[in-house]
Amino acid sequence: MKVTFWFVRHGQTLFNTDGRVQGVTDSPLTEKGIRQAESAGHSLRNVWFHQAYVSPSERCIDTSDLILRGRRMQAKVKDSLHEQDFGILEARGDEKTNRTFQEHMYDGDFTCVKGESRKMVTQRLSILLNEIVSSSVDGDHVLLVSHGAVMINLLALLGLDLDAYMETCHKEGRDPIPNAGIFTFTYQDGEYQILQLPAAGDSYQPLFENKTVHFHYVRHGETVFNATDRFQGWSDSPLTEKGVAQAEEVREYVKDVPYAFACCSTALRTRKTASIILEGRKVSLLPLKGLKEIHIGTYEAYDYTPNKALLEPRSRSVHWKDVGGEDLFDLAQRMKDVFALMNSRAKDGDTVLVVSHGGYYMNMLEVLFGIDRLSYRDACAAQGKSCMPNCGLLKFDVVNGTYVFTDYMKSISAWKDSL
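Under this note's numbering, the first residue of the sequence shown is numbered 1, with each subsequent residue one higher.
Structure below.
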């Protein structure tokens with residue numbers, strides 16, 4: 001079994017800037033500390049965390065909240081992650097205290113000043129790691145948000161030569177335990193291994209995972225706006241009876257596919273389509289804003305045919321930002337992020353259902369697979385067929401982080417005919 005851990009130190013605090021000893025005592029994040037936590041969150045935005053744990057100190061809880069913002073999850077507080085207790089030195093920053101602190105920091109033993117030793121810290125960390133591993137399943141990702149001395153003690157517990165590491169950091173002029181710094185390690189078949197040493201959020205390098213994930217991408221069923229020839233981006237309209245029937249046809253076709261989980265756009269038409277497809281199943285469905293259709297600003301819900309000369313050039317160039325919508329750059333960024341997040345959540349061999357939109361799919365061809373969407377669209381038009389049928393299904397894989405294209409979206413009847 002393999003479990004991957006991301007350990008993040010809290011952002012800069014008031015006591016950090018004042019040079020005061022800060023262990024079990026607490027002080028708030030500074031404005032810089034908040035920015036550091038946000039930077040760590042941005043660097044980890046494409047990592048799906050199956051579990052998250054945090055120290056009881058408010059500076060860590062605030063850091064954790066910033067990292068997990070928008071994820072609909074909250075880290076569990078664990079006393080085992082609290083900072084090392086520095087006893088009577090706590091919250092002091094005078095010269096004598098700092099000299100005493102540095103003397104004891106070398107061996108990590110503060111018991112003579114009524115604090116904790118390194119052995120005491122590593123013991124509680126070992127117990128916690130064993131608890132987390134025992135509650136995990138193969139492939140889980142775990143976030144830990146804690147403190148600087150805890151990070152040092154954990155690095156030592158995992159076998160790092162601290163003296164050599166500190167010397168290297170000193171020579172390179174970098175902080176060995178930066179505020180909101182991230183380091184990663186794994187547990188696999190009884191052994192722990194450090195993957196990446198502590199790095200500030202803006203210099204963190206994402207981990208690469210060897211796995212294959214199968215995706216089923218479905219466009220929503222026909223809507224009222226589809227049926228009445230109205231432009232539909234972030235604006236929404238309900239499924240028609242035909243749209244419901246289309247979703248039911250997909251449900252029948254994929255009834256034996258063991259989806260690990262499902263995601264959909266936050267639009268009602270995609271949530272309804274996904275719910276119909278998954279009816280009767282115990283498959284989690286997570287709406288994600290990253291899967292929303294291209295935003296066309298003030299042209300939302302326009303009648304298409306009488307405004308074709310205005311809308312068609314913008315649609316082909318994905319140019320809507322000047323009217324309050326998005327351009328291709330905006331769409332591509334959230335598209336890459338949301339698919340990376342879904343791929344991170346999936347385990348090796350999983351099949352994932354995604355329900356989203358037609359325009360989104362056409363831009364996926366270009367963004368994820370490097371296909372000329374306009375040439376394909378024009379070719380379909382010349383053949384008199386839809387390039388993005390309602391409740392059409394696209395099947396593709398992500399193999400070791402690479403998007404593998406096999407065929408274009410097809411209607412369910414076309415998929416049946418291909419068998």
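Every residue, glycine too, gets a C-beta built ideally from N, C-alpha and C. Predicted, not measured: the structure shown is a model, and the values here were computed from it.
Sequence-distant partners of Ile177 (beyond 5 residues in either direction) whose C-beta falls short of 7 angstroms from its own C-beta, in its chain, are Arg9, Gly148, Met151, Ile152, Pro198. The residue among Gly201, Asp372, Phe183, Thr266 with its C-alpha nearest the C-alpha of Ile194 is Phe183.
Distance from the CA atom of Arg281 to the CA atom of Arg45, rounded to whole angstroms, is 29 angstroms. Uninterrupted alpha helix (DSSP H) stretches at least 4 residues long and entirely within the stretch 213 to 258 occur at 224 to 227, 241 to 253, given in chain order. By the Cβ-count criterion, Asp62 is buried, with 16 or more other Cβ atoms from all chains shown falling within 10 Å of its own Cβ. Per DSSP, Asp175 has no beta bridge partner at all.
In summary, His170 is exposed, with fewer than 16 beta-carbon neighbours lying within 10 Å of its beta-carbon over all protein chains present. In this structure, DSSP gives Arg9 an extended state, which the three-state scheme calls strand.
Around the beta-carbon of Ser284, fewer than 16 other beta-carbon atoms lie within 10 Å, marking it exposed. Of the residues Asp107, Arg271, Gly290, the one whose Cα lies closest to the Cα of Asp330 is Gly290.
For Ala274, there is no enclosing beta strand (DSSP E); the residue is part of the alpha helix (DSSP H) that begins and ends at 268 to 277.
Annotated three-state conformation of Cys264 is strand, per DSSP. Beta-bridge annotation (DSSP): Pro287 is paired with Cys264.
Remark: three or more beta-carbon pairs, one from each stretch, lie closer than 8 angstroms, so the stretch 72 to 92 and the stretch 110 to 129 are flagged as touching. His170 carries a helical assignment under DSSP once its states are collapsed to helix, strand and coil. Ser146 carries a strand assignment under DSSP once its states are collapsed to helix, strand and coil. Per DSSP, the continuous beta strand (DSSP E) segment holding Val398 begins and ends at 393 to 399. If you draw a straight line from the Cα of Thr13 to the Cα of Gly243, it comes to about 54 angstroms. The residues Asn210, in chain order, have a CB closer than 6 angstroms to that of Asn400 in the same chain once the five nearest residues on each side in sequence are set aside. The shortest C-alpha to C-alpha distance from Asp140 to any of Phe405, Phe396, Asp348, Thr406 is the one to Asp348. Each of Ala260, Glu279, Ala245, Ser237 was checked against the Cα of Thr266, and the nearest Cα belongs to Ser237. Scanning its chain for C-beta atoms nearer than 7 angstroms, with the 5 sequence neighbours on each side dropped, one finds around Asp337 the residues Arg45, Asn46, Gly290, in chain order.
Pairwise C-beta distances place the stretch 225 to 233 in contact with the stretch 286 to 303, as three or more of them are shorter than 8 angstroms.
Your pair Gln205 and Gln196 checks out as a contact, with CB atoms roughly 7 angstroms apart and the cut at 8 angstroms. In the structure shown, Glu191 falls within a strand segment according to DSSP collapsed to helix, strand and coil. Cβ-Cβ distances below 7 angstroms link Lys32 to Gln12 in the same chain, with the five nearest sequence neighbours on each side left out; the list follows chain order. Under the rule that a run must span 3 or more residues, the beta strand (DSSP E) segments found entirely inside the stretch 299 to 363 read 351 to 356.
By the beta-carbon neighbour count (other beta carbons within 10 angstroms, threshold 16), Arg99 is exposed. When the beta-carbon positions are compared, His82 and Ser146 come within less than 9 angstroms of each other. Asp202 is positioned such that its CB atom lies closer than 9 angstroms to that of Ser39.
In the structure shown, the three-state DSSP call for Thr63 is helix.
Each residue's CA atom was taken as its position, placing Ser80 and Gly23 some 13 angstroms apart.
Counting along the chain, the unbroken beta strand (DSSP E) around Ala52 starts and ends at 51 to 54. Going by beta carbons, Ala75 and Tyr106 fall outside the 9 angstroms limit. The beta carbon of Arg316 sits closer than 7 angstroms to the beta carbons of Leu374 from its chain, once the five residues preceding and following it are set aside; these are given in chain order. By the Cβ test, the stretch 370 to 389 is not in contact with the stretch 247 to 255, since fewer than three Cβ pairs between them sit closer than 8 angstroms.
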